[in-house]
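Residue numbers (our numbering): 1 to 298. We treat Cβ as the ideally placed atom computed from N, Cα and C, and that holds for glycine. Predicted model, so just to flag it, every value in this text is computed and none were measured. So the structure is just underneath, and the comments pick up after that.
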Ligand code: ATP
């Protein structure tokens with residue numbers, strides 16, 4: 001008996017960052033959009049907790065208990081007074097350390113898969129509770145679609161999306177650590193007044209209407225200067241994508257993946273080809289949003 005769950009990557013169309021809180025976290029207004037790049041998590045009974053991973057970036061994925069999928073299984077097992085004797089296999093397609101919430105996706109996927117395997121009868125709010133404990137982006141990976149995340153990003157309000165958006169993602173050579181990007185944000189903003197992070201009304205309207213041009217006009221990422229400061233090579237790829245006709249280009253989450261919004265599927269294909277030819281990034285792929293959240297596929 002095994003259970004497989006499919007989980008999407010995400011892009012942030014708005015990432016508004018407030019000042020550091022007493023606990024070191026930042027208050028966020030984070031507009032998440034799930035994209036159709038997926039990891040698949042398969043769980044099956046085993047003598048003890050074991051993780052394996054396949055896919056292009058597999059070598060960068062930790063196979064010990066620091067893996068978010070392992071932490072999710074352990075958290076669920078502990079709540080239900082059982083042992084996490086399970087083999088978790090991650091078929092990885094989401095870039096690792098790319099700002100697309102790959103680890104969070106695996107956490108949400110493992111949680112849903114173990115819930116089904118063990119039949120714990122956990123309610124949705126209980127699963128969301130565990131997600132919030134695991135990390136800021138894990139709840140969104142479970143929910144998918146589009147959502148506004150506040151607090152550390154984990155308090156979610158589901159958003160309406162009135163159409164499909166076409167993306168081109170440029171993966172960089174190497175990764176960026178999310179905590180390092182936040183530290184750079186703090187350094188760059190040292191002494192500056194940082195306003196309360198709020199979601200842009202116009203941006204939410206653009207999402208609700210499925211209006212790519214209006215979404216592009218309002219898309220923003222407050223972490224972008226920090227990511228560019230730590231990874232200056234990204235500037236060339238950003239310019240190349242915009243010159244190729246993208247409506248906008250921005251760092252995805254904490255980077256270093258870059259997200260370019262296209263008018264339609266044909267445009268996305270053209271931009272992807274130009275970016276590939278520019279040789280300014282490791283790889284390029286197109287994707288569509290919104291995508292559903294974690295879902296059992298077998
Ligand atoms: P986010 O967008 O949520 O900030 P990210 O996409 O930038 O995250 P991840 O792919 O989640 O980054 O990986 C960040 C780090 O987390 C990795 O370098 C790795 O050490 C660790 N990690 C833990 N579990 C996983 C997992 N299941 N998959 C990938 N990385 C994991």
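Distance, residue j Cα to residue i Cα
i           : j           : result
residue 289 : residue 144 : 10 Å
residue 183 : residue 76  : 31 Å
residue 154 : residue 101 : 13 Å
residue 160 : residue 206 : 10 Å
residue 70  : residue 49  : 8 Å
residue 176 : residue 257 : 9 Å
residue 203 : residue 162 : 12 Å
residue 116 : residue 82  : 14 Å
residue 298 : residue 52  : 18 Å
residue 252 : residue 98  : 8 Å
residue 58  : residue 242 : 31 Å
residue 148 : residue 91  : 28 Å
residue 151 : residue 135 : 12 Å
residue 195 : residue 179 : 21 Å
residue 295 : residue 192 : 43 Å
Close Cβ partners of residue i (< 7 Å) along its chain, the five nearest in sequence each way excluded
i           : result
residue 216 : 247, 248 and 261
residue 17  : 26, 28, 185, 197, 222 and 223
residue 128 : 139 and 142
residue 20  : 26 and 186
residue 225 : 188
Own chain residues within Cβ distance below 6 Å of residue i, not counting five before or after
i           : result
residue 80  : 120
residue 138 : 104, 107, 108 and 131
residue 286 : 168, 268 and 272
residue 89  : 42 and 52
Extent of the continuous beta strand (DSSP E) run through residue i
i           : result
residue 155 : 155-158
residue 14  : 3-20
residue 248 : 248-251
residue 27  : 26-45
residue 239 : Premise fails: residue 239 lies in the alpha helix (DSSP H), 234-243, not in any beta strand (DSSP E).
residue 276 : First-last for residue 276: 265-278, but that is the alpha helix (DSSP H), not the beta strand (DSSP E).
Residue i - DSSP class collapsed to helix/strand/coil
i           : result
residue 129 : helix
residue 141 : helix
residue 186 : helix
residue 163 : coil
residue 288 : strand
residue 181 : helix
residue 220 : strand
residue 113 : helix
Residues near residue i by beta carbon distance below 8 Å, same chain, minus five either side
i           : result
residue 165 : 33, 210, 212, 215, 261, 288, 289 and 290
residue 74  : 49, 65 and 84
residue 281 : 170, 171, 172, 173, 237, 258 and 275
Cβ-heavy atom distance, residue i to ligand 3, below 7 Å
i           : result
residue 122 : Among the ligands modelled here, namely ligand 1, ligand 3 does not occur.
Test: residue i CB closer than 8 Å to a CB of chain D
i           : result
residue 183 : Of the protein chains in the structure, only one exists, and it is not chain D.
Residue i: first and last residue of the uninterrupted alpha helix (DSSP H) it sits in
i           : result
residue 79  : 68-79
residue 201 : 201-209
residue 91  : That residue, residue 91, is in no alpha helix (DSSP H); its beta strand (DSSP E) goes 86-91.
Touch check for the stretch 40-49 and the stretch 1-10: three-plus C-beta pairs under 8 Å?
Contact between the stretch 40-49 and the stretch 1-10 is present: 3 or more CB-CB pairs across the two stretches fall below 8 Å.
At a cut of 8 Å, does the stretch 255-275 reach the stretch 225-240 through at least three beta carbon pairs?
A contact exists between the stretch 255-275 and the stretch 225-240.
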